[in-house]
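Participant: Starting off with a structure, shown below.
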Amino acid sequence: MKNLFGLLLSLVLGAFIILALNNTAAFPAFGEVDLADRVSEQYFTDGNVAEVGSANIVTAIVVGYRGFDTLGEVTVLFISALGVAIIFGEKKQERLDLKFKPNFMLRVGSRVLFGMILITSIYIIFHGHLTPGGGFPGGAIIASAVLLLYLTDDRFRSNVKGFKILEGIAGSLFVVIGLLGLVLVTSFLQNFLPAGTVGDLLSAGIIPIIYVLIGLKVGSEISGIVDNFLTEEESA
Amino acid sequence: MIQYAAIILFVFGLYGLFTNRNVIKMIVSLNVMEVGLNIFIISIGFTYDGIAPILSSTTANGLLYVDPLPQALVLTAIVIGVGTTALGLAIAKSIHKTYNTFDLDEMGDKE
Amino acid sequence: MSAILLVAIPLLVAFLSILVKKYAPYLLIIVGLFNLVMLFLLQDGGVIIGGFDQPLGINLLLNLYSRIALILINALIVVIACLNIKDYGKYGSILLLAMAGLNGLVLTVDLFNFFVFLEISGIAAYLITSSNKKPTNTFHYLALGAVGSSLFLFGVIILYAMYGTLNYGAMIEAIAANNNYAEVVLPFTLMFIGLGVEAKLLPFNSWVKGALGHSNTMSGPMIASVYAAALSFVLGRMIDNLFLFQGTLLTIVTVLLTVGILLGDFMAFSSTKTREILLFSSVAQASIVALLFVNGVVAWAVWLIIANALSKTVMFLVINKATKEVGCDETKSLQGLFTKNILVGLAFTLATLSVMGLPLLVGFMIKLNFLTALAGAGQIWLIVAILIASLVEGIYFVRLLVKLWYKGENEISVKYNLSFKVVFVVIALALLAFGSYTAPMNQIDNSVDAVTEVVNNG
Amino acid sequence: MASIEYLILILVGASFLAYLFTKLNTYLGSVFTILATMFVFASLAGYGFGMGLDTTVNYLPWFTFNQTYLGFYFVIIIAFVYLMVSFFHPYYLGQYKYKDSYNMLFLLSLAGIIGAFYTDNFLQLFFFFELIIWTTMFLIPQGKSREAAVSYFGFSVAGSVAMLIGIFLIFSSTGQLDITSGLAAISGTNAIIVFILFLIAGFAKLGAFPLHIWLPIAHGNAPHPFSPVLSGALVKLGAFIGILALVRIVPTANLLVDSINLPLGQWLVAILGSISIVFGTLMAIKEDDAKKLLAYSSMSHGGYILVAFSLMNSVAFAGGFYHILAHAIASAAAFMAIAAVARATGTTKMKELGGMIHKMPITYLAYLVAIISMAGIPPMGGFISKWLIFMAVINKGMIFVAIAIFFGSVGSFLYVFRPLAALFLGQEFREYKHVKEAPIMMLIPTFILMGLNVYTGVFPSFILNFINNILGELGYAALNVTSSSIINVFDGQGILNPALISLVFAVGVFIAFIIFILLKKSRSVSLMDTYTAANFVHDEHLLHYSVDFYAPLERLYEKHTNWMTKFYESLAKKVKEIGNLGKYLFMSKNIGTTMLWIITIIILLLWGVAL
Amino acid sequence: MTLFDIVSLVVGALLLVIAFLAINAKKLINSVLFLSALSMLAVVSFVLLKAPDVAITEAVIGSGLVTALFIFTLLSVRKEETK
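Protein chains in written order, with this note's numbering: chain X, 21 to 256; chain V, 35 to 145; chain Y, 203 to 660; chain S, 360 to 970; chain H, 64 to 146.
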């Protein structure tokens with residue numbers, strides 16, 4: 021009863037939102053967006069593209085124009101990693117057992133796969149300013165590589181402390197690069213390296229550097245979270 | 035079409051939070067809501083005939099691109115969503131440790 | 203030197219602090235003091251990030267309004283951190299991030315960036331409440347907080363789709379240029395409700411009871427004073443500069459807030475737990491603040507936020523410390539708390555009297571002035587509601603005070619450290635001093651108006 | 360040159376000094392309090408009568424002051440009561456938990472009172488009112504009951520909230536915050552609302568029906584030296600607000616009650632005042648606690664004041680003003696006498712006391728004089744004021760009000776006599792053998808008050824002349840008073856010569872005294888010196904009537920006495936229930952409930968836009 | 064009706080159905096799996112809407128890691144229950 025009522029009520033809400041959006045003249049209909057009405061058009065102007073130097077405009081926005089958002093986003097992940105650790109407590113922990121015993125082949129195979137995944141992730145991160153991808157998916161792929169090791173080896177325990185240090189240093193470097201921008205040029209997170217030619221691997225100034233840092237940070241944070249979830253307090 | 039679906043997804047998330055009393059299901063609902071919101075955000079930047087906002091030497095100037103800004107925002111939103119979800123799951127786990135259930139109704143008045 | 207440091211430095215130190223966990227709380231205090239010094243040195247004005255001015259990039263804005271908010275937030279965080287080094291040292295990094303998040307929240311003039319900081323400070327807040335060791339309450343807070351910020355983001359995105367910008371000033375101009383009230387109802391509703399969840403406005407705030415009802419000396423004042431103040435500040439700025447509350451929207455918002463004021467105090471009246479009394483009273487206060495912003499009484503709303511933050515800090519610290527030692531927060535079991543702690547009792551009493559709005563204390567001047575302003579605007583019904591609520595508030599606070607001052611059946615002894623006492627005395631004296639010296643208030647009166655213009659021009 | 364601001368600042372400073380001194384030594388602090396109060400009273404008395412206080416000094420920003428005869432009349436009476444009461448402090452404070460803050464708050468509240476009556480601005484008036492409320496609120500729980508403070512505070516704040524709403528209504532409709540011009544400018548429906556709101560404030564502070572229930576609770580449980588202040592002084596704040604409303608605003612001037620030519624609002628107030636008189640009297644008759652009894656008597660006297668000020672003519676006003684003074688003196692004296700007894704014996708319950716006349720004759724005499732004045736018998740001040748009010752009421756032809764007033768007078772005899780009989784007369788308990796007369800410091804105010812009670816009854820002309828000044832200020836004709844204190848009202852319809860009456864009365868008393876001397880004396884017997892049913896008595900039982908004095912009378916209305924209290928209790932319960940409902944609706948542990956609210960409210964808000 | 068419309072109609076309908084199933088599934092593990100599927104569909108729709116960056120990220124994070132976290136939570140709990 022409550023279920024049905026809630027469903028109806030929320031569907032009414034959905035209908036209302038849709039109707040309201042349809043009634044709003046200023047809200048563009050789906051697929052009929054005119055970029056000229058928006059800020060976004062300016063991201064494509066030649067001057068801006070040359071200044072940032074990133075072929076992938078999304079990357080240019082994420083790391084360049086709105087780099088501060090990205091710093092905040094990394095912080096969110098950082099704080100939730102920290103929080104997960106605090107909530108699970110810092111007592112001695114043991115690994116969660118797996119239901120099956122992984123054999124030798126699986127272990128070796130996964131190690132090989134781990135390397136390959138790692139290389140992929142590095143590629144993704146380094147080409148973030150050229151092709152789709154970048155620090156976030158790259159970092160997540162690193163984490164999934166670590167996850168793979170966890171799943172295929174029941175004795176595997178990553179070096180949590182190492183992750184922490186990596187995490188902290190990568191984050192700090194992000195801020196330090198931002199501050200360098202403030203000191204060397206005029207504003208926080210401002211590009212202080214040459215932008216290069218659009219489309220080159222070594223272009224877009226600090227964007228690749230920051231993306232590498234983001235990749236490392238995201239990877240270590242998510243790995244840390246995974247580690248936390250896969251361990252539990254030692255049963256006394 | 036996808037835009038409407040996104041809005042309804044968002045509303046479904048609210049509905050899930052309204053009906054469910056199970057912590058995990060509530061987190062699932064939150065995720066449904068976030069997925070809906072993300073699709074909605076992308077959809078407002080979409081243009082028919084637009085292409086992905088990546089410049090390359092083969093494409094000339096003057097092409098129609100989809101709005102890149104919403105995509106950048108969604109990238110951020112996704113990661114933030116993961117953070118919230120991870121934290122929520124951690125709390126769910128500690129709830130289970132204390133009350134031995136995920137269901138908020140079954141906890142009784144154990145304060 | 204730029205206002206970005208107020209966010210960047212806490213973030214940098216927070217990232218580094220996990221390498222040296224033990225020193226995190228000390229680092230926090232140093233950073234907080236650094237921020238306070240900076241706040242007195244920095245000049246007003248916008249800050250460009252990444253070398254791209256708005257609307258391309260993200261901007262921060264430091265003006266008198268945000269400066270007041272930041273001084274209050276940072277000072278209170280430092281104070282709370284100092285008092286809790288021993289017990290809640292491991293939350294040092296979290297508090298650093300909370301500081302960064304709240305500072306960013308107040309400073310930013312970009313709506314999406316605002317959402318990011320809302321999430322940072324929100325997650326920090328969930329973790330702060332997790333120190334209460336009540337995971338269900340933390341989850342409650344998290345779920346509602348996540349819904350709230352999603353709603354806010356939804357609203358922001360609709361606005362972006364309509365006006366093609368995320369910058370505050372540009373948005374205000376675009377809305378003004380478009381000048382169609384009906385169009386903005388949906389986004390404003392969503393954003394208002396989203397912020398309302400965090401700002402403790404009535405039908406959206408059921409997390410408050412769990413989160414503050416079991417709070418400790420760290421989480422209590424953090425959530426009830428610092429977060430409440432910060433969110434009231436940003437909500438106020440949104441309401442006064444961006445939201446065009448008109449017609450039905452205005453009516454419903456006003457009704458909601460009025461009901462919030464009345465019910466908040468009624469709920470406190472019907473509570474027997476001390477912490478519940480305090481938290482419900484702060485729900486009512488938050489609604490009053492929002493109502494003042496809705497009616498354009500900015501200066502006194504700012505003062506009300508400050509006075510509330512200070513008073514609630516004292517009240518929650520006193521009660522939570524006592525609760526921790528006594529083990530129960532029923533008013534009955536705390537009877538006679540002040541018989542041995544006269545100084546603490548005096549500070550608590552002054553804080554309470556200030557919240558109640560009795561003369562000689564800052565609360566009275568604020569109350570009288572905002573009521574005068576409301577009367578000037580012809581809002582007699584709001585005055586009636588606020589005064590009825592404050593009558594009820596007065597009764598339950600007096601009941602509480604009398605109980606705490608006079609011995610009950612059991613003798614209880616609670617020891618307050620010297621540092622606690624110093625904080626209490628300083629805050630109580632501040633409440634007295636502001637109350638008897640009204641000149642600075644009139645100054646703010648003029649300058650907050652000027653601030654509105656600065657924000658409008660982006 | 361004395362200035363109002365100086366006086367206030369001095370009192371504020373003195374209050375902190377008093378705190379320090381009392382912390383060092385209770386006696387020292389209390390003596391300091393006496394000196395400070397005396398200084399303030401002396402400066403007021405010295406400069407105030409001729410409106411000679413300086414109002415131009417402006418150290419306090421925001422505050423402006425203005426002298427009026429009306430304000431001064433109240434200030435001098437209240438300051439006088441404060442002075443008298445402060446003499447009691449050295450003997451009582453020792454037993455209180457927070458004695459240091461007692462003196463401090465006492466002086467602070469006096470500062471508030473000076474400010475309240477000398478201000479010409481509504482917001483300042485409210486400021487000082489609230490100051491008085493919270494300073495005195497903390498004094499009350501030092502007595503017997505903790506809840507008494509809550510009840511006192513609740514009603515007081517309800518009153519000031521009503522007043523503040525009225526003030527802002529005036530402000531928003533006329534833009535005025537000045538008291539005189541604001542009240543003059545208000546008109547129409549707003550005037551009616553303001554009139555009602557101010558009257559609520561006045562009723563609440565005065566403890567008049569139907570806002571009276573705090574009065575016995577607060578008076579009965581307040582510390583002994585504070586009850587006289589409450590009854591003699593603070594209650595008069597309500598009278599002040601009532602006067603502002605009744606005299607300055609006449610919202611229903613065109614809605615006259617035809618037969619008596621009185622505006623409807625005023626007529627209703629007169630009726631309510633009469634109810635206060637009757638109700639207070641009935642409750643006082645029933646009460647066992649001497650202090651609560653006097654509290655109900657205060658309520659009934661508050662009714663007299665209300666009736667007087669609702670009659671809209673100078674005779675009634677003069678009576679009202681005179682009654683304020685007479686009642687302040689009389690009730691202060693009565694409460695102080697009972698405080699003295701309570702100090703000696705530790706109780707104020709009538710059934711536990713008796714025979715104090717042998718131990719405390721002077722206190723007895725003071726009480727006797729006070730109740731004579733309260734009952735309105737010559738040659739005391741209460742007679743003059745009640746006579747004036749009677750004259751005015753009868754002149755108006757208000758039958759029911761007149762009946763109520765007569766009933767109140769007769770009832771006064773009934774109830775004020777009970778403590779006299781129970782406390783002072785009759786047999787004495789053995790356990791009070793050691794009791795002695797109050798110390799000399801406490802007798803000083805007792806004597807002064809006794810003298811004043813008589814003075815106001817015999818030579819009213821000085822005071823009435825001052826009241827004529829007030830009447831002039833309010834725009835009413837002066838009362839015809841000759842220099843030899845002969846009062847002539849309504850062009851010779853009523854002529855009163857208090858001196859003559861007093862002379863006759865004195866002669867009568869003298870004759871009675873001679874008879875008393877000449878006749879055979881009664882023998883004083885101890886409680887055990889008797890026997891019943893042919894057995895000696897081994898326990899102490901009081902054989903005089905102090906309990907169930909008027910049992911047959913009480914039986915008539917005993918079932919109908921506390922319905923007002925029940926009403927307020929149920930009101931509080933309702934608020935609590937609404938609060939619990941709110942918690943259930945909005946503060947549920949169930950996240951779904953909040954989601955429901957969010958969804959519903961969005962739907963509600965989108966209604967107009969979507970459809 | 065273009066191909067895009069048809070595909071988006073199908074994807075949209077599937078999204079709704081799977082979301083409904085995820086919310087109303089009886090078993091927690093089913094709910095989580097539906098969520099993962101929902102995420103995958105979201106990836107499809109991101110690709111449809113010309114957002115490759117978002118699609119990659121959502122694919123890795125949304126349907127990969129988040130699902131993993133959910134499952135680990137359930138796993139660790141199940142282990143406790145069997146103990």
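Idealized CB from N, CA, C, for every residue including glycine.
If we cut at 7 Å on Cβ distances, does X/Ala-46 have a partner in chain S?
Facilitator: The residue labelled residue 46 of chain X in the question sits at position 26 within the first sequence. X/Ala-46 does not count as touching chain S.
Participant: Measuring only the C-alpha atoms, how far is S/Ile-846 from S/Leu-838?
Facilitator: For this step, residue 846 of chain S is matched to residue 487 along the fourth sequence. For this step, residue 838 of chain S is matched to residue 479 along the fourth sequence. Each residue's alpha carbon lies about 8 Å from the other.
Participant: Identify every residue that forms a DSSP beta bridge with Y/Gly-247.
Facilitator: One-based indexing of the third sequence puts residue 247 of chain Y at position 45. Answer is Y/Leu-264, bridged to Y/Gly-247.
Participant: What is the rounded straight-line gap between the Cα of S/Ala-470 and the Cα of Y/Gly-559?
Facilitator: Counting from one through the fourth sequence, the residue named residue 470 of chain S turns up at place 111. Counting from one through the third sequence, the residue named residue 559 of chain Y turns up at place 357. Roughly 19 Å separates the two Cα atoms.
Participant: Any C-beta of chain H sitting closer than 7 Å to the C-beta of X/Pro-228?
Facilitator: Numbered from 1 along the first sequence, position 208 holds the residue referred to as residue 228 of chain X. No, X/Pro-228 does not count as interfacial toward chain H.
Participant: For the beta strand (DSSP E) holding S/Gly-853, just list the boundary residues, first then last.
Facilitator: As a first step, residue 853 of chain S is located in the fourth sequence; it is residue number 494 there, counting from the start. That run of the beta strand (DSSP E) goes 853-855.
Participant: Please give me, in chain order, every unbroken run of the alpha helix (DSSP H) with length at least 4 that falls completely inside the region 466-529 of chain Y.
Facilitator: Listed in chain order, they are 476-496 and 500-528.
Participant: Taking only three categories from DSSP, how would you classify S/Asn-827?
Facilitator: Your numbering for residue 827 of chain S matches position 468 in the fourth sequence. Note: S/Asn-827 maps to helix in three-state DSSP.
Participant: Please work out which residues of its chain come closer than 6 Å, Cβ to Cβ, to Y/Phe-599, disregarding the five sequence neighbours upstream and downstream, and give them in chain order.
Facilitator: Counted from its first residue, the third sequence places residue 599 of chain Y at position 397. Around Y/Phe-599: Thr-554 and Met-558.
Participant: Tell me, to the nearest whole angstrom, how far the beta carbon of X/Tyr-63 is from that of X/Ile-81; I am working on the premise that it is less than 8 Å.
Facilitator: On the first sequence, position 43 is the one that residue 63 of chain X refers to. On the first sequence, position 61 is the one that residue 81 of chain X refers to. The pair is a contact, with the Cβ atoms about 6 Å apart (cut-off 8 Å).
Participant: Give the DSSP bridge partners of S/Ser-362, in chain order.
Facilitator: Indexing the fourth sequence from 1 puts residue 362 of chain S at position 3. According to DSSP, S/Ser-362 bridges with S/Asp-413.
Participant: Taking V/Thr-132 as the query, report the chain Y residues whose CB atoms sit under 7 Å from its CB, ordered along the chain.
Facilitator: As a working note, residue 132 of chain V is residue 98 in the second sequence. Near V/Thr-132 (Cβ distances below 7 Å), the residues of chain Y are Pro-337.
Participant: Could you please give the first and the last residue of the uninterrupted alpha helix (DSSP H) stretch that includes S/Val-752?
Facilitator: The residue labelled residue 752 of chain S in the question sits at position 393 within the fourth sequence. 740-755 is the span of the alpha helix (DSSP H), which, as asked, contains S/Val-752.
Participant: Out of curiosity, what's the CA-to-CA distance linking X/Thr-172 and Y/Val-249?
Facilitator: Counting from one through the first sequence, the residue named residue 172 of chain X turns up at place 152. Counting from one through the third sequence, the residue named residue 249 of chain Y turns up at place 47. If I take the Cα positions, the gap works out to 50 Å.
Participant: Note down, in chain order, every chain Y residue with its Cβ under 7 Å from the Cβ of V/Leu-71.
Facilitator: As a position in the second sequence, residue 71 of chain V is number 37, starting the count at 1. The answer, in chain order, is Ser-352, Leu-355 and Phe-356.
Participant: Just curious, the alpha helix (DSSP H) that Y/Val-627 is in, first and last residue?
Facilitator: For the purposes of this step, residue 627 of chain Y is taken as the residue at position 425 of the third sequence. Here the alpha helix (DSSP H) through Y/Val-627 covers 620-638.
Participant: Have a look at X/Val-180 and X/Phe-249 and give me their C-alpha separation to the nearest angstrom.
Facilitator: The sequence position of residue 180 of chain X within the first sequence is 160, counting from 1. The sequence position of residue 249 of chain X within the first sequence is 229, counting from 1. Looking at the two C-alpha atoms, the distance is approximately 12 Å.
Participant: For X/Phe-50, would you say it is in contact with chain S, using Cβ-to-Cβ distances shorter than 7 Å as the test?
Facilitator: The residue you call residue 50 of chain X lines up with position 30 of the first sequence. Not an interface residue.
Participant: In the region 230-243 of chain X, which residues sit with their C-beta less than 7 Å from some C-beta in chain Y, listed in chain order?
Facilitator: Residues: none.
Participant: To the nearest angstrom, report how far apart S/Asn-462 and S/Tyr-378 are at their CA atoms.
Facilitator: Your numbering for residue 462 of chain S matches position 103 in the fourth sequence. Your numbering for residue 378 of chain S matches position 19 in the fourth sequence. Computed Cα separation, rounded: 6 Å.
Participant: Measuring only between beta-carbons, confirm whether V/Val-45 sits less than 7 Å from chain H.
Facilitator: In the second sequence, the residue the question calls residue 45 of chain V occupies position 11. V/Val-45 does not count as touching chain H.
Participant: With a 10 Å radius around its C-beta and 16 neighbouring C-beta atoms as the bar for buried, classify S/Trp-493 as buried or exposed.
Facilitator: Along the fourth sequence, read from residue 1 onward, the residue named residue 493 of chain S stands at position 134. Per the 10 Å Cβ criterion, buried.
Participant: So, do the region 317-330 of chain Y and the region 91-102 of chain X have three or more beta carbon pairs nearer to each other than 8 Å?
Facilitator: The region 317-330 of chain Y is in contact with the region 91-102 of chain X.
Participant: Identify the continuous alpha helix (DSSP H) that holds Y/Val-616 and give its terminal residues.
Facilitator: One-based indexing of the third sequence puts residue 616 of chain Y at position 414. Run containing Y/Val-616: none; DSSP gives neither H nor E here.
Participant: For V/Ile-88, write down the residues that DSSP places opposite it in a beta bridge.
Facilitator: Taking the second sequence and counting its residues from 1, one reaches residue 88 of chain V at position 54. Looking at the DSSP assignment, V/Ile-88 forms a beta bridge with X/Asn-76.
Participant: At a Cβ threshold of 7 Å, is V/Lys-144 touching chain Y?
Facilitator: Taking the first residue of the second sequence as 1, we reach residue 144 of chain V at position 110. In this predicted model, V/Lys-144 has a pLDDT of only 49, less than 50, meaning its place in the structure is not dependable; the value taken from the coordinates is given anyway. With 7 Å as the cut-off, V/Lys-144 does not count as an interface residue toward chain Y.
Participant: Suppose you measure from the CA of Y/Ala-591 to the CA of S/Ile-743; what does that come to, to the nearest Å?
Facilitator: On the third sequence, position 389 is the one that residue 591 of chain Y refers to. On the fourth sequence, position 384 is the one that residue 743 of chain S refers to. Looking at the two C-alpha atoms, the distance is approximately 44 Å.
Participant: Decide if the region 450-461 of chain Y is in contact with the region 927-935 of chain S; the criterion is three or more beta carbon pairs, one per stretch, under 8 Å apart.
Facilitator: The region 450-461 of chain Y vs the region 927-935 of chain S: no contact.
Participant: Any beta-carbon of chain X closer than 7 Å to the one on S/Leu-944?
Facilitator: Indexing the fourth sequence from 1 puts residue 944 of chain S at position 585. Judged by the 7 Å Cβ criterion, S/Leu-944 is not in contact with chain X.
Participant: For the region 314-327 of chain Y, which residues have a CB atom closer than 7 Å to at least one CB atom of chain V, in sequence order?
Facilitator: Per Cβ criterion, the list reads Phe-314, Val-318, Glu-321 and Ile-325.
Participant: Going along the region 590-601 of chain Y in order, which residues come within less than 9 Å of chain V, judged by CB to CB distance?
Facilitator: Listed in sequence order: no entries.
Participant: Distance, Cα to Cα, S/Asn-417 vs S/Leu-466?
Facilitator: Residue 417 of chain S sits at position 58 when you count from the first residue of the fourth sequence. Residue 466 of chain S sits at position 107 when you count from the first residue of the fourth sequence. Cα to Cα, the separation comes out at about 21 Å.
Participant: Name the residues in the region 54-81 of chain V whose C-beta lies less than 9 Å from a C-beta of chain S; which are they?
Facilitator: The residues in question are Asn-54, Arg-55 and Met-60.
Participant: From X/Val-196, X/Pro-214, X/Gly-103 and X/Ile-227, pick the residue whose C-alpha is nearest to that of X/Ile-245; which is it?
Facilitator: Numbered from 1 along the first sequence, position 225 holds the residue referred to as residue 245 of chain X. Taking only the C-alpha atoms, the option nearest X/Ile-245 is X/Gly-103.
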